Amino acid sequence: MMLHVENLQKTFDGFAAVSDAQLEVEKGEVVAVIGPNGAGKTTLFNLITGQLKADGGSIIFKDENLACMTPYEICRRGISRSFQIVNIFSRLTVFENVRVAVMSYNKRTFNLFSRAKDIDVSETGDILKSVGLFEKAGRISGSLSHGDQKVLEMAVALGNRPEFLILDEPTAGMSPEETRNALELMKLLSRDRGITILFCEHDMELVFSVANRIMVMQHGRTIIQGEPEVVRKDRQVQEAYLGGPDELF
Amino acid sequence: MVKAILSDSRALKAFGAGVAVFILLLFVPCFLPRFHVYLLGLIFTTGLLAVSLNLVLGLGGMYQFHHAVFYGIGAYTVALVITKTTLSPWIGFLLAPFVSALFSLFIGLICVRLSKLYFGMLQISLGSLVWAVVFRWYSFTGGDDGIHGISVPGIISSTSGAYYFSLILTVICLLAMQRIVNSPFGRSFQAVRDNPVRSEAVGINVKRLQLTGMVISGAFAGIAGSMFVVIEGSVFPELMFWTLSLEIIIMCLLGGWFTFLGPMLGAAIIVLLRTFVGIYTEYWTIILGFVLMLLILFLPQGVLGYFLEKFERSGMKQAQEEK
Numbered sequence: 001m002m003l004h005v006e007n008l009q010k011t012f013d014g015f016a017a018v019s020d021a022q023l024e025v026e027k028g029e030v031v032a033v034i035g036p037n038g039a040g041k042t043t044l045f046n047l048i049t050g051q052l053k054a055d056g057g058s059i060i061f062k063d064e065n066l067a068c069m070t071p072y073e074i075c076r077r078g079i080s081r082s083f084q085i086v087n088i089f090s091r092l093t094v095f096e097n098v099r100v101a102v103m104s105y106n107k108r109t110f111n112l113f114s115r116a117k118d119i120d121v122s123e124t125g126d127i128l129k130s131v132g133l134f135e136k137a138g139r140i141s142g143s144l145s146h147g148d149q150k151v152l153e154m155a156v157a158l159g160n161r162p163e164f165l166i167l168d169e170p171t172a173g174m175s176p177e178e179t180r181n182a183l184e185l186m187k188l189l190s191r192d193r194g195i196t197i198l199f200c201e202h203d204m205e206l207v208f209s210v211a212n213r214i215m216v217m218q219h220g221r222t223i224i225q226g227e228p229e230v231v232r233k234d235r236q237v238q239e240a241y242l243g244g245p246d247e248l249f
Numbered sequence: 001m002v003k004a005i006l007s008d009s010r011a012l013k014a015f016g017a018g019v020a021v022f023i024l025l026l027f028v029p030c031f032l033p034r035f036h037v038y039l040l041g042l043i044f045t046t047g048l049l050a051v052s053l054n055l056v057l058g059l060g061g062m063y064q065f066h067h068a069v070f071y072g073i074g075a076y077t078v079a080l081v082i083t084k085t086t087l088s089p090w091i092g093f094l095l096a097p098f099v100s101a102l103f104s105l106f107i108g109l110i111c112v113r114l115s116k117l118y119f120g121m122l123q124i125s126l127g128s129l130v131w132a133v134v135f136r137w138y139s140f141t142g143g144d145d146g147i148h149g150i151s152v153p154g155i156i157s158s159t160s161g162a163y164y165f166s167l168i169l170t171v172i173c174l175l176a177m178q179r180i181v182n183s184p185f186g187r188s189f190q191a192v193r194d195n196p197v198r199s200e201a202v203g204i205n206v207k208r209l210q211l212t213g214m215v216i217s218g219a220f221a222g223i224a225g226s227m228f229v230v231i232e233g234s235v236f237p238e239l240m241f242w243t244l245s246l247e248i249i250i251m252c253l254l255g256g257w258f259t260f261l262g263p264m265l266g267a268a269i270i271v272l273l274r275t276f277v278g279i280y281t282e283y284w285t286i287i288l289g290f291v292l293m294l295l296i297l298f299l300p301q302g303v304l305g306y307f308l309e310k311f312e313r314s315g316m317k318q319a320q321e322e323k
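Same order as they appear, the protein sequences are chains D and L. Quick note on numbering: the numbering used here labels position 175 of the first sequence as 175, and the sequence is numbered without any gaps. Quick note on numbering: the numbering used here labels position 247 of the second sequence as 247, and the sequence is numbered without any gaps.
See the structure below:
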């Protein structure tokens, strides 16, 4: 088991955003987390990657408990993430955005006297080529379109050469074409590079076309985790969505 | 491609201009009156102090509200080594950046866990504590009188000697700081300024990076402080009073805190304003206030920031026309 989350809890001012989350991810899997708005998906991701501290429960990643670790310690253990709301270095160029992550992975952050412009050029270039942003490498990232910024989100996360990639609504706000490209990219990362992917998404078509297993959350609790077909037929899952199964799946 | 050639030729031009200015500055004592030579030395000293602040303020986005403390500590280190010990004065100059860096580390360790305004406010409090000790400790620091008549080594005691000392140290420090700005550390520091949350998520230990930035910046402020002793021959507690810290922040904003040399220009403007307008009125700060108002309204990116932006636009336009 690569990641094992058990009985995870997080409360904000008396409101239980996550009250009993359970999650299991095997190496090489693509796992989706779905659930209505406010189900606690983003909070769960923030707890796994250390942006938030859990009130209870455990997050075991490769036999280590992540619950007491800072985000940078978690990142160094091989977990990278992208954010739901674009969260990039908006005044740096596209190239520098990715290079900062690559330099961090290669432990060069505290290098004071080398020239940054000569460092990790090919590795950064390869990542940008793989996501299709190489042509825009010199642009200030804040000036990119929303779709490109979402792709850059993913590229920055790849800069740390993750074993485990967490994507928080990777296609939110993208055009249909951009969504197709992002989907292809996820499949590629999983198939060719063997990266384990955990993501949450509202686009059910995308979820069912790419995920090996799906975990469903409601009111901060895990309802079920299983293969897409099992989840699709589960009565509790159908009830969790107001529109019923036909509209959603 | 065009952009790359443009930036290469621009870097070459900037380098050429820098060398020309340096050569010109080398000959300044030959044709300028002593007072103006002294004034230039003071501009280098204050400018270096402002650029060192901008390492953490502009590059790192940290609210370093009491930078003058590290300047004062550098100056007092030199003064105390010369007046209270039998050690060579040069040891004082060597020690200044290290003692300033050490104080920076202590204050940083306490402050860096806080963010933005809280960081700045706690730094003002701790810095003021250091000032109060220096202000009251008559037997060691000379208290509010300070230490006067500090005899620096003969080679740098004359006006032109002090000038060359400050010029050469300033150039060396600026080159070192520019190297740091363009290093992986500098890039990561910029990333932290833009987005600390994301920086942590890509594996950067943000607090440690900020602390390192503070220590480096404090060390350069200490060097500026040691230059002040050579220029003025005295030290006093006002060197580490919070109003001076505010003045340095204004220098950065005035010159352009997103440019490397902007704070140097800001320092020159303020030193000249204080010297020449100060002759006519002690209320020269009224004019400074007026200049600041105009700046905020019309040049929010600072004087050098404004000209660089204009220069960049005309360069891009020219490149497009050539294309």
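Note that the Cβ used here is the ideal one computed from N, Cα and C, for glycine as well. Note that the structure is a prediction, hence the values are computed from the model and not measured.
Contact under 9 Å by Cβ, residue i with residue j
i	j	result
D:LEU112	L:ARG179	yes
D:GLY251	D:GLY40	What the structure shows of chain D is the stretch from 1 to 249, and residue 251 of chain D is not part of that stretch, so it cannot be assessed.
D:ASN160	L:ALA191	no
D:LYS62	D:ARG77	yes
D:GLY57	D:LEU133	no
L:GLY255	L:LEU265	yes
D:GLY142	D:ILE195	no
L:LEU261	L:LEU174	yes
L:PHE236	L:GLY142	yes
D:ALA32	D:VAL237	no
D:VAL5	D:THR43	no
L:ALA162	L:ILE231	yes
Assigned exposure category for residue i - 16 Cβ within 10 Å defines buried
i	result
L:GLY41	buried
L:ASN328	With chain L covering only 1 through 323, there is no way to say anything about residue 328 of chain L.
L:THR85	exposed
D:CYS68	exposed
L:SER151	exposed
L:TRP131	buried
D:ASN46	buried
D:GLU153	buried
L:MET1	At L:MET1 the pLDDT is 44, less than 50, meaning the model places this residue with poor confidence and gives no usable figure here.
L:ASN195	buried
L:LEU304	buried
D:ASP120	buried
D:GLU247	Any reading at D:GLU247 must be qualified, since the residue scores a pLDDT of 48, below 50, and its modelled position is unreliable; the value itself is stated next. The residue in question, D:GLU247, is exposed, as its Cβ has fewer than 16 Cβ neighbours within 10 Å.
D:TYR105	buried
D:GLU177	exposed
L:PHE44	buried
Helix, strand or coil at residue i [DSSP, three-state]
i	result
D:GLU29	coil
D:GLU227	coil
D:THR250	In the structure displayed, chain D extends from 1 to 249; residue 250 of chain D sits before or after that span and is not available.
D:CYS254	Residue coverage of chain D in this structure runs from 1 to 249, which leaves residue 254 of chain D outside it and unanswerable.
D:VAL18	strand
D:GLU135	helix
L:GLU232	helix
D:ILE140	strand
D:GLU201	coil
D:ASP118	helix
D:PHE164	strand
D:MET215	strand
D:GLU24	strand
L:THR275	helix
D:ILE88	coil
L:ILE204	coil
First through last residue of the beta strand (DSSP E) which encompasses residue i
i	result
L:ASN182	Counting along the chain, L:ASN182 falls outside any beta strand (DSSP E), and DSSP gives it neither H nor E.
D:ASN7	3–12
D:SER80	79–82
Residue span of the alpha helix (DSSP H) that contains residue i, given as start and end
i	result
L:SER245	242–255
D:PHE61	Element bounds for D:PHE61: not the alpha helix (DSSP H) but the beta strand (DSSP E), 56–61.
D:PHE95	94–105
D:ASP192	176–193
L:PHE260	Careful: L:PHE260 lies outside any alpha helix (DSSP H) and carries neither H nor E.
L:SER54	Ser is not the amino acid found at residue 54 of chain L; the sequence shown has Asn there. That run of the alpha helix (DSSP H) goes 34–54.
L:MET293	284–298
L:TRP131	116–136
Contacts of residue i in chain A (Cβ-Cβ under 8 Å)
i	result
D:ASN160	Judged by its chain identifiers, the structure shown contains no chain A, and its protein chains are D and L.
Within the chosen definition, does the stretch 27–36 of chain L reach the stretch 197–213 of chain L through at least 3 CB pairs nearer than 8 Å? no
Taking contact to mean at least 3 C-beta pairs separated by less than 8 Å, is the stretch 293–300 of chain L in contact with the stretch 55–65 of chain L? no
Quick check: the stretch 158–167 of chain D against the stretch 192–205 of chain D, are there 3 or more CB pairs under 8 Å? yes
Do the stretch 225–233 of chain L and the stretch 166–176 of chain L meet, that is, are 3 or more Cβ pairs less than 8 Å apart? yes
Inter-stretch contact (C-beta, 8 Å, three-pair minimum) for the stretch 91–98 of chain L and the stretch 236–253 of chain L: no
Counting Cβ pairs, one atom from each stretch, are 3 or more of them under 8 Å apart for the stretch 100–120 of chain L and the stretch 282–291 of chain L? no
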